[in-house]
Amino acid sequence: MQVFTTVESLHSYIHENPNLGRLAFIPTLGALHQGHLALMQRGQDHCDSIVVSIFVNPTQFNNPKDLEKYPRPLANDIYLLEKQNADILFLPKNEEIYPDGLNMHVPIDVSHLTTVLEGPNRPGHFEGVVTVVKRLLDIVKPHCLIMGQKDYQQQAIIGEMIRQLKMPVELITHPTIREPSGLAMSSRNVRIDPKLRPLAPTLYQTLLEAKKMYPRYTPKQIESHCGKKILDAGFNLEYFSLVHSSSLQSVTQWGDATSTVACVAAWLGDIRLIDNMILY
Ligand code: AMP
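If you read the sequence shown in my numbering, its first letter stands for residue 799, the second for the next number, and so on.
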């Protein structure tokens, strides 16, 4: 695996090695787990070579404590990337992503997607994500971009950015990889209080229940039943919402949407967990 920390060295290597062929790109914040590795495998199935970036992007953290505490086990990440046969690791410093004088404005309107679900709870988060993913795509110029369904809203927003800017890249969204308990894998899971960990799979179990309740119950009934179940289990619930799978707008009756996804965000102790499931 080749490791590059500057845009210039990455560009030279890609330019000098046309045999790399079609590139699949997997942007990450590091602290890699099986979910990230599944995205890499998907990239390998779909393209000739894979490029993974590890960049803990400060502009997408609305909470400075979360940024400071974000795990950064780089040596283990490199070990996992080598084992998964990644071709290129891009490990940029802040100055490479945000050089002085570069206009970072992304001329799109995705406000209908950023003002719902995670949006109100994480001000500035998606603006940060859009800016960094656009910048990384401009640098890597991949054939396809692999993202996880785990961050459902994020992949919907990036998909919309690609459409609006007519970027020549295919977005592939990979299903959520879970621990045997059903808990969606996340780099933040290592920070869950061990005493609270047995409660963590409640989110997945509740999503499964929502799926079973469709279509016998109304969307409102499912939202309130599932929200209450999560609260009763001891979580601090932010939302349990049924939304249209592409517009992310609320589904109030089953005829509203051709496909509906249930999205949940809740705090378990001081760790914020998100998860989702496509109901139909
Ligand atoms: P992150 O490092 O958390 O920014 O995640 C990098 C990419 O991996 C994003 O596209 C995530 O949606 C995806 N990802 C994270 N966790 C999972 C998971 N459990 N299953 C599938 N994809 C995931």
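Each residue gets a CB set at the ideal place from its N, CA and C atoms; glycine is no exception.
query	result
For the stretch 896-915 against the stretch 1042-1061, do three or more pairs of beta-carbon atoms, one drawn from each stretch, fall closer than 8 Å, so that the two count as touching?	yes
Just to confirm, are G926 and Q858 a CB contact at a threshold of 9 Å?	yes
On a CA-only basis, which of K939, S979, C1061 and W1065 is nearest S847? Give me that one, please.	K939
The alpha helix (DSSP H) spanning A836 covers which residue range?	Q832 to H844
Would you give the residue range spanned by the alpha helix (DSSP H) that P930 belongs to?	It should be pointed out that residue 930 corresponds to Val in this sequence rather than to Pro. Here the alpha helix (DSSP H) through V930 covers H923 to V938.
Counting only runs that start and end within the stretch 841-915, where is the beta strand (DSSP E) found for 3 or more residues in a row?	847-852 and 886-888
Count the other C-beta atoms from every protein chain shown that fall within 10 angstroms of the C-beta of G828, then say buried if there are 16 or more, exposed otherwise.	buried
Using only alpha-carbon positions, find the residue among I1069, R995, A1031 and K891 that is nearest to K806.	The sequence shown places Glu at residue 806, not Lys. The candidate whose alpha carbon is nearest that of E806 is K891.
Please work out which residues of its chain come closer than 7 Å, Cβ to Cβ, to L1066, disregarding the five sequence neighbours upstream and downstream, and give them in chain order.	I990, L994, L997, A998 and F1033
Please indicate yes or no: does the CB of D885 lie closer than 8 Å to some heavy atom of the ligand AMP?	no
So, helix, strand or coil for H1042, using DSSP?	strand
Examine the ligand AMP and report whether any of its heavy atoms sits within less than 8 Å of the Cβ of K948.	yes
For G899 and L1001, what's the separation of their Cα atoms in angstroms?	44 Å
Terminal residues of the continuous alpha helix (DSSP H) containing P1017?	P1017 to D1030
Which partner residues does F802 have in the DSSP bridge list?	F888
Please report the distance separating the alpha-carbon of D936 from that of T1016.	44 Å
Helix or strand or just coil, what does DSSP make of P918?	helix
Apply the 10 Å Cβ neighbour rule to K932 and answer buried if 16 or more other Cβ atoms are within range, or exposed otherwise.	buried
Less than 7 Å between C-beta atoms, sequence neighbours within five positions excluded: which residues of the same chain meet that for I1069?	R986, R989 and I990
Residues in the same chain with beta-carbon distance under 8 Å from L1005, minus the five sequence neighbours each way, listed in chain order, please.	C1024, A1060, V1062, D1073, N1074 and M1075
Compare the beta carbon distance of F853 and L943 with 9 Å and say whether it is the shorter of the two.	no
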